[in-house]
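Engineer: Dropping a structure here in structure tokens format, bear with me for questions.
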Amino acid sequence: MKGKLFYVGLIVTFALSAIAHYANWNHTLQFVISAIAVIFVAGFLGKATESVAHYAGERVGGFLNATFGNAAELIIAIFLVKDGLFDVVKASLTGSIIGNLLLVLGLSVFAGGLKFKEQSFNVKLASHNSSLMLLGVIALFIPAVFASGLTTPETTNMSMIVAILLVVAYLLWLLFSMVTHKHVLSDEATEHGEAAWSKSTSILFLVLATVMVAFTSEWLVGTLEEVTHRFGLSELFVGAFLIAIIGNAAEHSAAVMMAMKNKMGAAVEIAIGSSLQIALFVAPVLVLTSFFMGGTPMNIVFSTYELAAIAVAVFITKSISQDGSTNWYEGLLLLVVYIILGVVFFMV
């Protein structure tokens, strides 16, 4: 009975959110309805991810969740790039990276730690994740440092080269982690119990849930400009925090659900894996895509505020996750850093 009520709520809230959007209801009302719909879609996506992880393992399940979630974000960002809204795109990418590392992982570690005294995941995977996070910081930091001494064409060429290198590095990481060294980085724990659905149904529902995420996220983000304008929020704060939190809330809440079921491997793959995918793949792809859209291409030079936030997030996450084990207090530390950044961005 409980399961049936959930699916009824999922269908009803999604339909109401669609009606509110296309009928152009009051933006505040749209915001409330879409936010409720996001909660139901989050539960659906989390259940689909868990079912896929039952067949494919925690890492692959988490990777698919992060990939489908970022695919929706990439599509939305491409339209923003086409409109030349580069600053909003960069702020949103920054918010996604720090949101995944600090908010999503922090909530997952904290919630899981309250239920289980200590949770663990593959320590070698943690080490590689740390190295990749540092690569992301280096790749964003160096162009920003030297960009002031370059002409616009030189900055564009530099951005293109760095973007290509990052995409290649990320694709080779997938080859390394999923193929050549899969046995080394695989989950230590074995899935037990029954899956919610068959393998094909699980994959189908994961795709369906992702499509629903894309729509609900876009509808919700579309109401933010008017809603946040009343509170006098800055574009940087809205892009780096509100849009990032709301746009990614549904798919990444699955990480918290996984952690509370003591499946920290999947939670880490969703949170850290998603951040790595944004820094090493999504951002470079947007730079490369902008080159073929005509007009001025988007460069890979982020602002000082954005770089500082990303570097701080990577530093604390690396420190906490490199031993392959977590507890609730470490999750609290991540959340505190996220709140500090949020306060500073709000004041800027």
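Per this note's numbering, the very first residue in the sequence shown carries number 490; after that it's consecutive.
We treat Cβ as the ideally placed atom computed from N, Cα and C, and that holds for glycine.
Just so it is clear, the structure is predicted and the values come from calculations on it, not from any experiment.
1) What does DSSP give as the partner residues of threonine 815 in its beta bridges?
2) If contact is defined by three or more beta carbon pairs under 8 Å, each pair taking one atom from either stretch, is the segment 518 to 533 in contact with the segment 701 to 709?
3) Thinking just about the alpha-carbon of each residue, which of Met701, Leu731 and Val700 is nearest to the one in glutamate 715?
4) What is the rounded straight-line gap between the Cα of asparagine 816 and the Cα of glutamate 643?
5) Cutting at 6 Å between CB atoms, please list the residues of its own chain near serine 609, excluding the five before and the five after it.
6) Rounding to the nearest angstrom, what Cα-Cα distance links leucine 661 and threonine 669 in this structure?
7) Quick check on the DSSP output: what are the complete alpha helix (DSSP H) runs of length 4 or more inside the segment 494 to 529, in order along the chain?
8) When you compare the CB positions of leucine 621 and leucine 777, do they come within less than 9 Å of one another, or not?
9) Out of curiosity, what's the CA-to-CA distance linking leucine 775 and methionine 649?
10) Alanine 743 CB to nearest chain C CB: under 9 Å?
11) Leaving out five residues before and five after serine 506 in sequence, what residues of the same chain have Cβ atoms less than 7 Å from its Cβ?
12) Taking DSSP as the reference, what is the three-state secondary structure of serine 763?
13) Buried or exposed: asparagine 611, going by 16 or more other Cβ atoms within 10 Å of its Cβ?
14) Are glycine 535 and serine 742 close, meaning C-beta to C-beta below 9 Å?
15) Assess, as a yes-or-no matter, whether the segment 744 to 759 is touched by the segment 589 to 601 under the definition of 3 or more beta carbon pairs within less than 8 Å.
16) Keeping to the same chain, check which residues put their C-beta closer than 6 Å to that of leucine 765; ignore five residues upstream and five downstream.
17) Determine the contact status of phenylalanine 557 and valine 702, defining contact as a CB-CB distance below 9 Å.
18) Give me, in chain order, the residues of the same chain whose beta-carbon lies closer than 7 Å to that of isoleucine 692; leave out the 5 immediate sequence neighbours on both sides.
19) For serine 620, does the three-state DSSP call read helix, strand or coil?
20) Helix, strand or coil for phenylalanine 781, going by three-state DSSP, please let me know.
21) For the candidate residues Ser792, Lys671 and Tyr827, whose alpha-carbon lies nearest to that of phenylalanine 804?
22) From isoleucine 761 to threonine 645, what distance separates their C-alpha atoms?
23) Using CA atoms only, rank isn't needed, just tell me which of Ile565, Ile587 and Lys579 is closest to alanine 800.
24) Spatial neighbours of valine 651 within its chain, please: CB distance less than 7 Å, with the 5 preceding and 5 following residues excluded, ordered by chain position.
25) Looking only at C-alpha atoms, which of Leu725, Val530 and Gly546 sits nearest to leucine 697?
26) Give me the Cα-Cα distance between threonine 806 and methionine 782, rounded to the nearest whole angstrom.
27) Histidine 718: buried (16+ other C-beta within 10 angstroms of its C-beta) or exposed?
28) Locate the alpha helix (DSSP H) running through proline 642, then write down its first and last residues.
29) Per DSSP, what kind of secondary structure is aspartate 576 in: helix, strand or coil?
30) Under three-state DSSP, which class holds tryptophan 686?
Structural biologist: Looking at the coordinates:
1) The residue labelled residue 815 in the question sits at position 326 within the sequence shown. The partner list for threonine 815 (beta bridge, DSSP) reads Gln608.
2) With the cut-off at 8 Å, the segment 701 to 709 and the segment 518 to 533 touch.
3) Counting from one through the sequence shown, the residue named residue 715 turns up at place 226. It is Leu731 whose Cα lies nearest to the Cα of glutamate 715.
4) Counting from one through the sequence shown, the residue named residue 816 turns up at place 327. Counting from one through the sequence shown, the residue named residue 643 turns up at place 154. Taking the straight line joining both Cα atoms gives about 46 Å.
5) Counted from its first residue, the sequence shown places residue 609 at position 120. Gly813 and Ser814, listed in sequence order.
6) Taking the first residue of the sequence shown as 1, we reach residue 661 at position 172. Taking the first residue of the sequence shown as 1, we reach residue 669 at position 180. Pairing leucine 661 with threonine 669, the inter-Cα distance amounts to about 10 Å.
7) Counting only runs of 4 or more, we get nothing.
8) As a working mapping, residue 621 is identified with position 132 in the sequence shown. As a working mapping, residue 777 is identified with position 288 in the sequence shown. No, they are not a contact pair.
9) The residue you call residue 775 lines up with position 286 of the sequence shown. The residue you call residue 649 lines up with position 160 of the sequence shown. Approximately 10 Å, taken between the alpha carbons.
10) Checking the listed chains, one finds no chain C in this structure; it contains a single protein chain.
11) As a working mapping, residue 506 is identified with position 17 in the sequence shown. Listed in chain order, the non-local C-beta contacts of serine 506 below 7 Å within the same chain comprise Ile522, Ser523, Ala526, Thr705 and Trp708, local neighbours out to five positions each way being set aside.
12) By 1-based counting over the sequence shown, the position of residue 763 is 274. Looking at serine 763 - three-state DSSP - the assignment turns out to be helix.
13) Against the sequence shown, residue 611 aligns to sequence position 122. Buried: at least 16 other Cβ atoms inside 10 Å.
14) As a working mapping, residue 535 is identified with position 46 in the sequence shown. As a working mapping, residue 742 is identified with position 253 in the sequence shown. Yes, the Cβ-Cβ distance between glycine 535 and serine 742 is below 9 Å.
15) The count of Cβ pairs closer than 8 Å, one atom from the segment 589 to 601 and one from the segment 744 to 759, reaches three, so the stretches are in contact.
16) Looking up residue 765 in the sequence shown gives position 276. When the five nearest sequence neighbours on each side are left out, the beta carbons in the same chain lying within less than 6 Å of the beta carbon of leucine 765 are those of Leu621, in order along the chain.
17) The residue you call residue 557 lines up with position 68 of the sequence shown. The residue you call residue 702 lines up with position 213 of the sequence shown. In this structure, valine 702 lies closer than 9 Å to phenylalanine 557 by Cβ.
18) One-based indexing of the sequence shown puts residue 692 at position 203. Result list for isoleucine 692: Val541, in chain order.
19) Start at 1 with the first residue of the sequence shown, and residue 620 comes out as number 131. In this structure, serine 620 counts as helix in the three-state DSSP scheme.
20) Stepping through the sequence shown from its first residue, residue 781 is reached at position 292. Phenylalanine 781 falls in the coil class under three-state DSSP.
21) Taking the first residue of the sequence shown as position 1, residue 804 is located at position 315. Comparing Cα-Cα distances from phenylalanine 804 to each of Ser792, Lys671 and Tyr827, the minimum goes to Tyr827.
22) Position 272 of the sequence shown holds residue 761. Position 156 of the sequence shown holds residue 645. Approximately 29 Å between the Cα atoms of the pair.
23) Numbered from its first residue, the sequence shown carries residue 800 at position 311. Ranked by how close their Cα comes to the Cα of alanine 800, the residues Ile565, Ile587 and Lys579 have Ile587 in first place.
24) Taking the first residue of the sequence shown as 1, we reach residue 651 at position 162. In the same chain as valine 651, and ignoring 5 residues on each side of it, the C-beta atoms closer than 7 Å to its own belong to Ala628, Pro632 and Ile789, in chain order.
25) Stepping through the sequence shown from its first residue, residue 697 is reached at position 208. Of the candidates Leu725, Val530 and Gly546, the one whose C-alpha sits nearest the C-alpha of leucine 697 is Val530.
26) Sequence index remark: in the sequence shown, residue 806 carries index 317 (1-based). Sequence index remark: in the sequence shown, residue 782 carries index 293 (1-based). The straight-line gap from Cα to Cα measures roughly 36 Å.
27) Walking along the sequence shown from the start, residue 718 turns up at place 229. Histidine 718 comes out exposed.
28) Stepping through the sequence shown from its first residue, residue 642 is reached at position 153. It spans 641 to 664 - the alpha helix (DSSP H) in which proline 642 sits, taken as one unbroken run.
29) Counting from 1 along the sequence shown, the entry for residue 576 is found at position 87. For aspartate 576, the three-state secondary structure derived from DSSP is helix.
30) Sequence index remark: in the sequence shown, residue 686 carries index 197 (1-based). Correct three-state label for tryptophan 686: coil.
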